[in-house]
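Everything below concerns the one structure shown next.
2 protein chains.
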Amino acid sequence: MKYSFSRRIQKTPKSFIREILKVTQNPEVISFAGGLPNPGLIDTEGILRAAETVLKNDGRNVLQYSNTEGYAPLRQFIADRYKNRYNISVNPEEILITNGSQQCLDLLGKVFIDKNDAVAIERPGYLGAIQAFSLFEPEFFPIEMHNDGPDSGELKKVISEENPKIFYGIPNSQNPSGITYSIEKRKEIGEILTDSDTVFVEDDAYGELNFTGDILPPVKKYLPDLGILTGSFSKIISPGMRLGWVCAPEEIIDRISTAKQASDLHSNYLSQRIIAEYLLTNNIDEKILKIQEEYKLRCNLMTNLMDEMFPPEILHTNPKGGMFIWLTLPKNYSSQKLFEKAMDKNVAVLPGNPFYVDGGGDNTARINFSNADEEGIRTGIEVLSKIFKEWKN
Amino acid sequence: MKYSFSRRIQKTPKSFIREILKVTQNPEVISFAGGLPNPGLIDTEGILRAAETVLKNDGRNVLQYSNTEGYAPLRQFIADRYKNRYNISVNPEEILITNGSQQCLDLLGKVFIDKNDAVAIERPGYLGAIQAFSLFEPEFFPIEMHNDGPDSGELKKVISEENPKIFYGIPNSQNPSGITYSIEKRKEIGEILTDSDTVFVEDDAYGELNFTGDILPPVKKYLPDLGILTGSFSKIISPGMRLGWVCAPEEIIDRISTAKQASDLHSNYLSQRIIAEYLLTNNIDEKILKIQEEYKLRCNLMTNLMDEMFPPEILHTNPKGGMFIWLTLPKNYSSQKLFEKAMDKNVAVLPGNPFYVDGGGDNTARINFSNADEEGIRTGIEVLSKIFKEWKN
Numbered sequence: 014m015k016y017s018f019s020r021r022i023q024k025t026p027k028s029f030i031r032e033i034l035k036v037t038q039n040p041e042v043i044s045f046a047g048g049l050p051n052p053g054l055i056d057t058e059g060i061l062r063a064a065e066t067v068l069k070n071d072g073r074n075v076l077q078y079s080n081t082e083g084y085a086p087l088r089q090f091i092a093d094r095y096k097n098r099y100n101i102s103v104n105p106e107e108i109l110i111t112n113g114s115q116q117c118l119d120l121l122g123k124v125f126i127d128k129n130d131a132v133a134i135e136r137p138g139y140l141g142a143i144q145a146f147s148l149f150e151p152e153f154f155p156i157e158m159h160n161d162g163p164d165s166g167e168l169k170k171v172i173s174e175e176n177p178k179i180f181y182g183i184p185n186s187q188n189p190s191g192i193t194y195s196i197e198k199r200k201e202i203g204e205i206l207t208d209s210d211t212v213f214v215e216d217d218a219y220g221e222l223n224f225t226g227d228i229l230p231p232v233k234k235y236l237p238d239l240g241i242l243t244g245s246f247s248k249i250i251s252p253g254m255r256l257g258w259v260c261a262p263e264e265i266i267d268r269i270s271t272a273k274q275a276s277d278l279h280s281n282y283l284s285q286r287i288i289a290e291y292l293l294t295n296n297i298d299e300k301i302l303k304i305q306e307e308y309k310l311r312c313n314l315m316t317n318l319m320d321e322m323f324p325p326e327i328l329h330t331n332p333k334g335g336m337f338i339w340l341t342l343p344k345n346y347s348s349q350k351l352f353e354k355a356m357d358k359n360v361a362v363l364p365g366n367p368f369y370v371d372g373g374g375d376n377t378a379r380i381n382f383s384n385a386d387e388e389g390i391r392t393g394i395e396v397l398s399k400i401f402k403e404w405k406n
Numbered sequence: 014m015k016y017s018f019s020r021r022i023q024k025t026p027k028s029f030i031r032e033i034l035k036v037t038q039n040p041e042v043i044s045f046a047g048g049l050p051n052p053g054l055i056d057t058e059g060i061l062r063a064a065e066t067v068l069k070n071d072g073r074n075v076l077q078y079s080n081t082e083g084y085a086p087l088r089q090f091i092a093d094r095y096k097n098r099y100n101i102s103v104n105p106e107e108i109l110i111t112n113g114s115q116q117c118l119d120l121l122g123k124v125f126i127d128k129n130d131a132v133a134i135e136r137p138g139y140l141g142a143i144q145a146f147s148l149f150e151p152e153f154f155p156i157e158m159h160n161d162g163p164d165s166g167e168l169k170k171v172i173s174e175e176n177p178k179i180f181y182g183i184p185n186s187q188n189p190s191g192i193t194y195s196i197e198k199r200k201e202i203g204e205i206l207t208d209s210d211t212v213f214v215e216d217d218a219y220g221e222l223n224f225t226g227d228i229l230p231p232v233k234k235y236l237p238d239l240g241i242l243t244g245s246f247s248k249i250i251s252p253g254m255r256l257g258w259v260c261a262p263e264e265i266i267d268r269i270s271t272a273k274q275a276s277d278l279h280s281n282y283l284s285q286r287i288i289a290e291y292l293l294t295n296n297i298d299e300k301i302l303k304i305q306e307e308y309k310l311r312c313n314l315m316t317n318l319m320d321e322m323f324p325p326e327i328l329h330t331n332p333k334g335g336m337f338i339w340l341t342l343p344k345n346y347s348s349q350k351l352f353e354k355a356m357d358k359n360v361a362v363l364p365g366n367p368f369y370v371d372g373g374g375d376n377t378a379r380i381n382f383s384n385a386d387e388e389g390i391r392t393g394i395e396v397l398s399k400i401f402k403e404w405k406n
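Chains as they are written, first to last, in my numbering: chain C, 14 to 406; chain D, 14 to 406.
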């Protein structure tokens, strides 16, 4: 049967990550490919208690339709946390609850992007954002990433010449590179975008996973009217409950709300209530601290093993948090080949190429450190180091 | 601040329904405006038990990321139910789980509609579909509804002249009109669309709420390759858990899966597991029968009161199920005026105009019978009948 599919869907890349995840569900595979939180850090007991409380005390309401913007006390919690953690003032009306922070990208695409509009994105950039925005058929302008964040010269040029609707970035522990923008870079992006027509979509999925204690203010602090922050409960409570949020000026939230109504009416209300109850009755700071400590251990173990065992021509980033380390191999190496060689030994890595909207990145790879246990990390890095040592192009 | 919003969002109507719902949250208002299931029929006890079971037995998995298509046993349940209820053969790979059936419309818009593509829709048509599709900027072609379904002549003309990507309809207890397509109409639509480029998106949110026992086969039975069925757990289990599904040939599901990945990765997995467990450990047929009986009582009470008390020039449909009765007032009456007069007396009805993509319908109104209790129905219809009797244009 030949169907008349839209051009938009034919332009949207399928996620290589999610395809790889299917391969790596074999329990014998050590997976550095996905971005899964460590299962041991998910508090199933606490969630169970919260679910019992809300269903027993207010079952008929928590299972009924609800409003599009989200549960008010949850929006209040998020606003308060921005104040406490980043010292930025946000009111709850500037927050709308979404199905994970991935849905923020879909909604922002709907609200801002018409066909052929320019969108600036980090190079390498988050594949999920490339996918989400692709449905609205923009033209992408990649901005090269350095160790302190995106290239300012390139950004200035794109902003002034292409007038993009959106610049999308992940200042804290970027996916895929693990890079954190410096404070100077954050201020500079604020300056470059002020008085432009471009909103900065600041994906902060990993901000709470910063394990260095060195917390930097979001770019939105320097760009209040054009800054849009997105966040997620996936990395700190549960990804399966699919809850995130977008924080933006009310005029933008109002448009996002229209898009959200049209897309799925509202986010899962039972899960909103469970998470709100969980946050009220648990010390979330303690839980997050535990996640940070565990991830720090894993990340340090991995980078130390890389320093020890990898040939010196294999470069890696040193993340301050998040879930990912980025490998850069010599120019003539192929990470697709690395993927195949590693899969032969039951180790999964993610080739970096899909993170480049303009091609390239064939010699890069993303390595996740949050999901595997210590033994898996040791074995996996050993396997990769052997592959590198025996590498023949 | 002036933001560069997309043209698409500026074309998308805000839901009048959801705006009205805010007004009607006042507990003194008798609301016939929304489409809420009766709260007394939501089985909070059963959901609580199911939630406890899945969280206790498999907590780390149910709270983790999952696959885009949805939980396999839930997809199997839906396939089996199509076989048992409608005698159509569907395999679980032809089903993808969504955030309520509203999200099906968003995903189908993404998969099929490019700007200026033609979309055929019932007149009056479901406002949520008009909103969802509007984001993809189609041209709508309304097909007039009669008491046995959409006008065949108009449909033939639009299919042959405009070659629409989608014809969207609700054959069982349509929202807003309450009309159920006849068996002849279903076959005829199958014939008209066979060999066309148009898929029939058959929204079956209300199929399980048919309280007459007269179950008709879906149009998809006569249009296997071009038929796309959507369904929902909102009306039979819980709307707050936001779970629905789309059933389509695998080639289409594959595209929908790409759109779903880009939109929000996957549907809430905790809720998928709770509903699957609930379906396994409860007699869902018994629960649905109870809902049907209750809604039949309310619907009959309401139409009987209308026959008894309304002036004869006020016409109403006689639904076989679902949640809505459609009023047609004399041509020179305004249902906006009816809305205002009724709100003055704390009764909320929904003006019909937003259900017409081409304007019109000013003398129509949608009346919900599922949410109010018996006393509310009596009082509310009495209020409306007084308004009609005293009506002055």
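The beta-carbon is built from N, C-alpha and C at its ideal position, and this holds for glycine as well. None of these values were measured; they are calculated from a predicted model.
Query	Result
List the residues that DSSP assigns as beta-bridge partners of S245 (chain C).	C:G257
Please look up how many angstroms separate the CB atoms of S190 (chain D) and P137 (chain D), rounded, as I've assumed it's under 8 Å.	6 Å
In this structure, does DSSP put Y99 (chain C) in helix, strand or coil?	helix
Between K178 (chain C) and A218 (chain C), which are expected to be in contact by the criterion C-beta below 8 Å, what is the C-beta distance as a whole number of angstroms?	21 Å between Cβ atoms; not a contact.
Hey, would you say A378 (chain D) sits closer than 8 Å to L340 (chain D), going by beta carbons?	yes
Could you pull the DSSP bridge partners for N381 (chain D) from this structure?	D:F337
Please report how far the alpha carbon of E408 (chain C) lies from the alpha carbon of Y291 (chain D), in whole angstroms.	The requested residue 408 (chain C) is not part of the displayed model; chain C covers only 14 to 406.
Which residue marks the beginning of the beta strand (DSSP E) containing F213 (chain C), and which one marks its end?	212-216
Does K303 (chain C) come within less than 8 Å of chain D when only Cβ atoms are used?	no
Starting from G389 (chain C) and walking both ways along the beta strand (DSSP E), at which residues does that stretch end?	Careful: G389 (chain C) lies outside any beta strand (DSSP E), inside the alpha helix (DSSP H) at 387-402.
Among the candidates D:L140, D:F149, D:E106, D:S114, whose CA atom is the shortest distance from the CA of I126 (chain D)?	D:F149
Would you tell me roughly how many angstroms separate the C-alpha atoms of P367 (chain C) and Y139 (chain C), rounded to the nearest one?	9 Å
Would you be able to state if there are at least three C-beta pairs under 8 Å between the region 270-282 of chain C and the region 232-251 of chain C?	no
Scan the region 250-271 of chain C for residues whose Cβ lies nearer than 7 Å to a Cβ of chain D and list them as they occur along the chain.	S251, P252, G253, M254, R255, P262, E264, I265, R268, T271
Nearest chain D C-beta to M158 (chain C) closer than 8 Å, yes or no?	no
For P332 (chain C), name the three-state secondary structure that DSSP assigns.	coil
Quick one: what's P163 (chain C) bridged to in DSSP?	C:M158
Determine whether the beta carbon atoms of I327 (chain C) and F382 (chain C) lie at a separation below 8 Å.	no
Suppose the cutoff is 6 Å on Cβ atoms and the five residues either side in sequence are ignored; what does the same chain contact list for V132 (chain D) look like?	F146, P151, F153, P177, I179
Quick check on DSSP: helix, strand or coil for G53 (chain D)?	helix
So what's F368 (chain C) in DSSP terms, helix, strand or just coil?	helix
Please determine whether the Cβ atom of K405 (chain D) lies at a distance below 7 Å from any heavy atom of the ligand HEM.	No copy of the ligand HEM occurs in the structure displayed, which carries no ligand at all.
Starting from the beta carbon of N281 (chain C), find every residue of chain D whose beta carbon is closer than 8 Å, and list them in chain order.	N112, G253, M254, R255, N281, S284
How would you list, in chain order, the residues of chain E whose beta-carbon sits under 7 Å from the beta-carbon of M14 (chain D)?	Going by chain labels, chain E is absent from the structure shown, which instead holds the protein chains C and D.
Taking beta-carbon pairs under 7 Å, can you tell me which members of the region 372-391 of chain C lie near chain D?	none
Could you tell me which chain D residues have their CB closer than 8 Å to the CB of T243 (chain C), listed as they occur along the chain?	Residues of chain D passing the Cβ test: none, with the nearest at roughly 13 Å.
Is the Cβ-Cβ distance between A64 (chain D) and A64 (chain C) less than 8 Å?	yes
So, for V171 (chain C): in the same chain, excluding its five sequence neighbours on each side, which residues have a beta-carbon less than 7 Å away from its beta-carbon?	A133, F154, I156, P177
With which residues is S44 (chain D) paired in a DSSP beta bridge?	D:A361
Check E306 (chain C) in the structure and name its three-state DSSP category.	helix
List, in chain order, every chain C residue whose beta-carbon is nearer than 9 Å to that of S147 (chain D).	A275
If we ignore side chains and look at the alpha-carbon of each, how far apart do L242 (chain D) and S209 (chain D) end up?	18 Å
Alpha carbon to alpha carbon, how far is V232 (chain C) from Q116 (chain C)?	21 Å
Counting only C-beta atoms, is T207 (chain D) closer than 8 Å to chain C at any point?	no
Using a Cβ-Cβ distance under 8 Å, would R73 (chain D) count as near chain C?	yes
Could you list which residues in chain D have their beta carbon closer than 7 Å to that of R20 (chain C), in chain order?	D127
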